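Since the structure comes first, as structure tokens, the remarks are kept for the end.
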Amino acid sequence: MKNYKKSRSQTVTIFVAICVLTAIAFGLFYIFMNPNADLDGDSGRDGDINTSPQTNETPGDGQTAPPGHQQSTQSPDVEYITVFVSPDDINRGDLILVNKDNPYVPADIDLAVIDDVKTVPYAVSPAARRLKSSVMSRFDDMMQGFIDATGENIIYVISAYRNLDDQQAILDLNISQMGREEALRQTALPGFSEHHTGLAVDYRVIIDGVQHPFADFEVTKWYRDNAYRYGFVLRYPEGKEDVTDVMSEPWHFRFVGLPHSYIMRQNGWVLEEYIEAIRGYTVYEPLKAEYDNISYEVFFTTETDIKVPEYSRYEISGNNADGFIVTITR
Ligand SMILES: [Zn+2]
-15 MKNYKKSRSQ TVTIFVAICV LTAIAFGLFY IFMNPNADLD GDSGRDGDIN
35 TSPQTNETPG DGQTAPPGHQ QSTQSPDVEY ITVFVSPDDI NRGDLILVNK
85 DNPYVPADID LAVIDDVKTV PYAVSPAARR LKSSVMSRFD DMMQGFIDAT
135 GENIIYVISA YRNLDDQQAI LDLNISQMGR EEALRQTALP GFSEHHTGLA
185 VDYRVIIDGV QHPFADFEVT KWYRDNAYRY GFVLRYPEGK EDVTDVMSEP
235 WHFRFVGLPH SYIMRQNGWV LEEYIEAIRG YTVYEPLKAE YDNISYEVFF
285 TTETDIKVPE YSRYEISGNN ADGFIVTITR
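Numbering of the sequence shown is given in the working numbering, commencing with residue -15 and proceeding in unit increments.
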């Protein structure tokens, strides 16, 4: 019995050893024959994040993933979800580009009557009644910022949202006052004005009930230097006329939101240039910006099923031309 037991024990030991050696041999074979084997246990299967941008962006095109694609800069910890938008959404959002090449496409916008909702005592022209509701609080913050910084409460909001009829009336008035050629040089045709978006404002200065040109006052330069902090930009700056195709308008500001206003300022871009520059960035290689201790990632896509990182806050705006600008906040 004793010998039998010993013999059986040896057999079991040899069997276990063979199993272990076989497992090691298979393991080594797998590693050496598969350069993409992931030793930390992440298989990189479909649905994981390790697939390269090429394999994701061109599904079904027969290309194989490039060698070494797992060394890409993407974080292996990020998962993505897909958000679906409508093709019509290209014409909606805070980043839509409205100019001579990109007419405004009418959409339902939630407009606020400025005088009814404002929380800061600035003056508003009866002709400038409404602004997009979602930007009102940041607009008020900017107006308060000006009063706090300068000690002056002299800003007059002369124009904000305009419908097609409003724009036609302004054009007609300008034609009667300055002649057709000059009026058309200075005034957008109905359908091509940024004021249709509810995101643009024009200022004047008002002192003792008398209106003055905005740029005549040194103190109004505050807007040029600080509007970006509230998501607004000087839309038609001097020196960019060849890009915007609009003469310098020191009184006209446009909401685009953060971090876009900050990025545009840092790079000296007007909206036309920003819309163009952002085309070079993808969900996997976004434009990164840090402002006020918030990290942002911005990218462009022409797809209507849009990948965004899971558990992130995202905003999607059309560019009013051919795609969407996605803003991720972390
Ligand atoms: Zn304007």
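For each residue, glycine too, the CB sits at the ideal point set by N, CA and C. Being a predicted model, the structure only gives us computed values, none of them experimental.
Nearest to residue i (by Cα), restricted to the options the options
| i | options | result |
| --- | --- | --- |
| Asn304 | Thr66, Ile80 and Val62 | Ile80 |
| Thr311 | Val217, Glu257, Pro243 and Thr103 | Pro243 |
| Leu173 | Asn147, Gly193, Phe201 and Glu299 | Asn147 |
| Gln250 | Tyr268, Ala273 and Phe239 | Ala273 |
| Ala167 | His179, Asp124, Leu255 and Gln152 | Gln152 |
| Asn83 | Glu256, Arg114, Met248 and Ser143 | Glu256 |
| Asp124 | Tyr258, Met162, Val185 and Gln195 | Val185 |
| Thr103 | Arg76, Arg169, Gln128 and Ile138 | Gln128 |
| Val344 | Leu271, Ile278, Ser296 and Ile138 | Here the chain covers residues -15 to 314 and nothing more, so residue 344 does not appear. |
| Val141 | Val97, Arg169, Thr313 and Leu271 | Val97 |
| Ser121 | Asn277, Leu95, Ile290 and Pro110 | Leu95 |
| Ser279 | Gly223, Ser296 and Tyr268 | Ser296 |
| Gly175 | Ile154, Glu165 and Asp192 | Ile154 |
| Asp276 | Thr313, Asp192, Thr266 and Ala111 | Thr313 |
| Tyr88 | Glu178, Pro71 and Thr171 | Glu178 |
| Pro110 | Asp150, Val267 and Glu269 | Asp150 |
| Ala112 | Ile93, Gly223, His180 and Val292 | His180 |
Own chain, CB closer than 7 Å to residue i, minus 5 neighbours either side, in chain order
| i | result |
| --- | --- |
| Gly241 | Asp78 and Gly215 |
| Ala261 | Trp253 |
| Ile309 | Leu79, Ile262, Val282, Phe284, Ser301 and Asn303 |
| Leu183 | Asp78, Lys116, Val119, Arg238 and Phe239 |
| Phe198 | Tyr187, Arg188, Val189, Thr204, Pro234 and Trp235 |
| Glu299 | Thr311 |
| Glu294 | Glu63, Tyr64 and Ile65 |
| Gly264 | none |
| Val230 | Tyr220 |
| Gly163 | none |
| Tyr106 | Met127, Asn137, Ile139 and Val141 |
| Lys291 | Tyr64, Thr66 and Val267 |
| Trp206 | Phe130, Ala133 and Thr134 |
8 Å CB neighbourhood of residue i in its chain, flanking five on each side removed
| i | result |
| --- | --- |
| Ala211 | Met126, Val217, Leu218, Phe237 and Ser245 |
| Asp306 | Ile74 and Thr286 |
| His196 | Arg188, Val189 and Ile190 |
| Glu202 | none |
| Arg114 | Leu95, Ala96, Val97, Ile98, Ala144, Tyr145 and Gly182 |
| Lys(-14) | Reliability of the predicted coordinates at Lys(-14) is poor, the pLDDT of 41 falling under 50, and no value is obtained from them. |
| Leu5 | The pLDDT assigned to Leu5 is 44, lower than 50, so where the model puts this residue is not dependable, and the model offers no usable value. |
| Glu225 | Met231 and Ser232 |
| Val227 | Val254, Glu256 and Glu257 |
| Glu222 | Ser232 and Pro234 |
| Asp200 | Val189 |
Same chain, Cβ closer than 6 Å to residue i, five either side skipped, listed in chain order
| i | result |
| --- | --- |
| Asn86 | Asn304 and Ala305 |
| Asp99 | Val108 |
| Arg76 | Ala91 and Gly302 |
| Met248 | Val217 and Tyr258 |
| Arg169 | none |
| Asp289 | Thr66 and Phe68 |
| Arg208 | Leu218 |
| Ala1 | Per-residue confidence for Ala1 stands at a pLDDT of 47, beneath the threshold of 50, marking its modelled position as unreliable; no derived number is given. |
| Leu271 | Tyr265 and Val282 |
| Val101 | Met120 |
Three-pair Cβ contact test at 8 Å for the stretch 157 to 169 versus the stretch 125 to 135: No, they do not touch.
Below 5 Å from a heavy atom of ligand 1 - residues by beta-carbon: Residues flagged by the Cβ proximity filter: Asp186 and His236.
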